[in-house]
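Novice:
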Amino acid sequence: MNSFGMPKHFSNRLVTDNKILKRLDSVNRSQNIRILVIKIKAMRFIASIFLIAISFTFAKADGIKFFKGTFEEALALAKAEDKVIFIDAYAVWCGPCKRMASQVFPDKEVGQFYNRYFVNLKMDMERGEGLELRKKYPVSAFPTLFYIDGNGEVVQKVKGAQNVENFIKIGKKVLQLTDKSEEYAAAYEKGERDPKLIYNYVKSLNKAGKSSLKVSNDYLREQDDLKSEFNLRFLYEANVDADSKVFETFIEYRDQIAKYYSETEIQDRILAACQATVQKAIDFEFPELMETAVEKMEAHYSAEAEEFEIRSKMRYALAMKNAEGYIDAAKDLVKKVIKKDKEAQHDLALDIMKNFENDRDAMEEAEDIAEDAADDSGEYHYYITYAHILKRNGKKEKALEAAEEAKELASKISPRDVRMVEAFMRKLEEG
């Protein structure tokens with residue numbers, strides 16, 4: 000056992016790093032798959048033709064890393080690290096499963112959250128180990144999202160595909176359901192100051208979305224040697240806000256912390272702390288805190304600083320219902336970050352329509368962005384989005400022209416796709 004009370008080894012699929020278990024995982028499109036994804040996206044849009052929920056996220060990259068061992072190994076790891084197992088219970092033929100795999104799991108914000116708090120496992124429930132697992136954890140629809148604690152008990156079970164926003168919300172709810180911070184708080188308030196207890200207390204507070212800064216500051220203030228392995232790991236866990244002394248100490252000892260964590264993990268921690276400070280700026284309507292977060296990113300994670308600043312301005316403006324500020328930042332996003340990314344432009348146009356449909360200037364900008372996204376994209380549902388925005392802007396004839404473009408592209412895929420576009424065109428004409 001090490002100083003965190005964790006076993007040294009579980010199986011030959013698990014490894015240790017200086018006596019602390021760390022996950023083994025790895026990051027897992029033929030033309031047919033691409034066509035399937037296009038069809039799924041189109042059906043999803045037309046099924047809810049007047050709105051698609053697009054959540055605020057940072058760049059789509061570095062998403063969920065799925066554990067490659069067995070369920071029993073994942074269970075042992077979850078118990079050792081005091082985490083919950085997330086299982087994507089899927090079937091290979093399932094369209095919504097593939098949509099989550101292509102649109103949700105790769106999202107950077109999803110990856111940051113789920114990689115930090117969960118042991119993530121994909122399981123085909125119709126073959127191999129999935130057939131046995133299905134006896135204990137029955138599945139009646141795909142995908143089913145299981146959240147299972149280290150004892151094998153189901154904490155939450157959710158049927159159906161989720162978007163990024165809902166998927167993270169479900170995860171946060173699970174963390175609240177498994178919150179052990181009150182147990183640690185009781186011992187702490189009685190005067191217990193065992194370092195392992197304090198570490199677990201801070202960790203549980205962070206998992207539950209509660210403030211841990213006071214406990215962390217009180218502990219660190221009493222330490223003579225912050226270079227010990229335990230204290231460096233404590234600093235890593237305690238770093239939750241960019242506008243804090245803990246953050247400054249984390250940066251001061253960054254090189255030493257790098258002995259136990261990868262550069263990606265350290266950068267993710269910096270980004271998460273800066274994101275938390277932006278949220279604090281929103282909660283308190285205090286834009287100076289957002290400026291602080293931007294400064295910290297520029298100083299300590301410069302590669303992501305420009306995009307972080309732009310998206311933070313968009314996030315703040317959206318919370319303040321400031322359409323002008325949001326659009327100004329969105330223009331910068333298109334110019335500096337997503338100029339060549341048709342999908343991101345398409346999603347941004349939808350986002351503007353979702354949040355500022357009654358603002359004329361905002362909707363004009365959404366129209367321009369949607370047009371750029373549709374041009375030469377080869378994606379017929381991008382033209383449907385463009386047509387829908389044109390219709391909202393009172394340009395029915397141009398909307399029908401865009402829908403004709405969508406129909407021509409759909410004809411290259413299947414008659415069913417053509418019929419869906421034709422149904423959309425009838426709605427345009429009726430409106």
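So the sequence shown is residues 0 to 430, counted in numbering that gives the first Met the number 0. Where is the CB? At the ideal position from N, CA and C, for every residue including glycine.
Taking Cβ positions, are Gly170 and Tyr146 nearer each other than 9 angstroms?
Specialist: A contact, by the Cβ cut-off of 9 angstroms.
Novice: Counting only the same chain and skipping the five closest in sequence on each side, list residues whose C-beta sits under 8 angstroms from that of Leu408.
Specialist: Answer for Leu408: Gly377, Glu378, Tyr379, Tyr382, listed in chain order.
Novice: Please list the terminal residues of the continuous alpha helix (DSSP H) segment that includes Leu83.
Specialist: A small fix is needed here, since residue 83 is Val in this sequence, not Leu. From DSSP, Val83 is part of no alpha helix (DSSP H) but of the beta strand (DSSP E) over 83–89.
Novice: How far does the alpha helix (DSSP H) with Tyr300 in it reach, from first residue to last?
Specialist: Counting along the chain, Tyr300 falls outside any alpha helix (DSSP H), and DSSP gives it neither H nor E.
Novice: What runs of the alpha helix (DSSP H), each 4 residues or longer, lie entirely inside the segment 308–380?
Specialist: Runs of the alpha helix (DSSP H) inside the segment 308–380: 322–335, 341–355, 359–373.
Novice: What is the DSSP secondary structure of Phe57, reduced to helix, strand or coil?
Specialist: Low confidence applies here, because Phe57 scores a pLDDT of 35, under 50, leaving its location unreliable and the question unanswered by this model.
Novice: Is the segment 185–196 touching the segment 159–177, taking contact as three or more C-beta pairs under 8 angstroms?
Specialist: No, the segment 185–196 does not touch the segment 159–177.
Novice: Please go through the same chain and pick out, in chain order, the residues whose beta-carbon is closer than 7 angstroms to the beta-carbon of Gln274, but skip the five residues on each side of it.
Specialist: Excluding positions up to five away in sequence, the list is empty.
Novice: Compute the Euclidean distance between the alpha carbons of Asp123 and Tyr89, then round it to the nearest angstrom.
Specialist: Taking the straight line joining both Cα atoms gives about 5 angstroms.
Novice: Please classify Asp224 as buried or exposed, where buried requires at least 16 neighbouring CB atoms within 10 angstroms.
Specialist: Per the 10 Å Cβ criterion, exposed.
Novice: Considering Gln175, what are the terminal residues of the beta strand (DSSP E) in which it resides?
Specialist: Segment 163–176 is the alpha helix (DSSP H) holding Gln175; no beta strand (DSSP E) there.
Novice: Can the beta-carbon of Asp178 be found closer than 9 angstroms to that of Lys206?
Specialist: Closer than 9 angstroms, so yes.
Novice: Below 9 angstroms between beta carbons: does that hold for Phe85 and Leu120?
Specialist: Yes; because the gap between Cβ atoms is below 9 angstroms, this pair is in contact.
Novice: For Met289, which of helix, strand or coil comes out of DSSP?
Specialist: Three-state result, Met289: helix.
Novice: Output the distance between the C-alpha atoms of Trp491 and Glu125, rounded to the nearest integer angstrom.
Specialist: Limits of the chain in this structure are 0 at one end and 430 at the other, which puts residue 491 out of reach.
Novice: DSSP three-state call for Lys258: helix, strand or coil?
Specialist: Residue state, collapsed to three classes: coil.
Novice: Expressed to the nearest angstrom, what Euclidean distance is found between the alpha-carbon atoms of Ile256 and Ser227?
Specialist: If you take the alpha carbons of Ile256 and Ser227, they lie about 10 angstroms apart.
Novice: Of all the options Glu297, Gly68, Gln278, which has the alpha carbon lying nearest to the alpha carbon of Met289?
Specialist: Closest option to Met289, Cα to Cα, is Gln278.
Novice: For Tyr200 and Ala292, I'd like the C-alpha separation in whole angstroms.
Specialist: Roughly 26 angstroms between the two C-alpha positions.
Novice: Can you tell which of Lys353, Tyr116, Ala328 has the C-alpha that lies nearest to the C-alpha of Phe307?
Specialist: Out of Lys353, Tyr116, Ala328, Ala328 has the C-alpha closest to the C-alpha of Phe307.
Novice: Could you tell me how far apart the beta carbons of Asn114 and Lys64 are, in whole angstroms, since I believe they sit closer than 8 angstroms?
Specialist: Between Lys64 and Asn114 the Cβ distance is about 5 angstroms, and since that is below 8 angstroms, they are a contact.
Novice: Whose C-beta lies closer than 6 angstroms to the C-beta of Ala60 among residues of the same chain, with five residues either side of it excluded?
Specialist: Interpretation of Ala60 is limited by its pLDDT of 45, a score under 50 that renders its predicted location unreliable; the figure taken from the coordinates is listed afterwards. Answer for Ala60: Lys107, listed in chain order.
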